[in-house]
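Last residue of the sequence shown? That's 110 in my numbering, and every number before it is there in order.
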Amino acid sequence: MPEPEWLAGDAMGWQGPWGTTYPANLRLLFSAMTEQQWLVRARQPFRPPMPGASLRHMSNAELKAIFRYVKSLPVKGKLAPAYVPPGGQVVTPYFDLTPKNLPAVGASKPSARRAQGD
Ligand code: HEM
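Now the structure itself:
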């Protein structure tokens, strides 16, 4: 994707046990936020697949660098669609990240069973 399109959000959803989330339009979001507010928000929880832990582990200097980079881009685009809780109606396209074929709780791992010969 060319840089003029970066970080302007998207209406493609990501669905899993947490519901359906959409990548935020950071250009719009940061246009209404101070740097100090960003330092607080960056360390609060995010729903998947947003890698919130990666932001939490960044230093203030790193977070400020991200903020200033995004602020250097022109504000464009619209807000991403709102979060939809699990079971809610989703009207956009979305990827399904629901885990499938999970082992029953308490079952031994396949590799452990092979080692035991069953
Ligand atoms: C340095 C990298 C990133 C930054 C600074 C960032 C920043 C943010 C922020 C500030 C929000 C919250 C928007 C709000 O409060 O309304 C958000 C939400 C989100 N981001 Fe990121 N993001 C990054 C990387 C990613 C990546 C790599 C992904 C996907 C693989 C992702 C997916 C999402 C999603 C799905 C949401 C919505 C989460 C929710 O509804 O709680 N982000 N991001």
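All C-beta atoms in this analysis are idealised placements derived from N, C-alpha and C, irrespective of residue type, glycine included.
- Contact check for Val67 against Ser23 passes: the beta carbons are separated by less than 8 Å.
- Look at Gln36 here: in three-state DSSP terms it is coil, with no helix or strand label.
- Relative to the ligand HEM, even the nearest heavy atom lies 7 Å or more away from the CB of Tyr61.
- Around the C-beta of Tyr75, fewer than 16 other C-beta atoms lie within 10 Å, and the residue is accordingly described as exposed.
- The beta carbon of Val62 lies closer than 7 Å to those of Leu(-1), Leu18, Arg19 and Phe22 in the same chain, with the five residues before and after it left out.
- The continuous alpha helix (DSSP H) containing Gly44 extends over residues Gly44 to Arg48.
- Gln7 carries a strand assignment under DSSP once its states are collapsed to helix, strand and coil.
- Checking the DSSP bridge columns, you'll see Phe87 partnered with Trp6.
- In the same chain as Phe38, and ignoring 5 residues on each side of it, the C-beta atoms closer than 7 Å to its own belong to Gly44, in chain order.
- For Leu89, same chain residues with a beta-carbon under 8 Å away, outside a window of 5 residues either side, are Trp6, Gln7, Gly8, Pro40 and Pro41 in chain order.
- For Ala57, the uninterrupted alpha helix (DSSP H) segment begins and ends at Asn52 to Ser64.
- Trp(-2) has its Cβ no nearer than 7 Å to any heavy atom of the ligand HEM.
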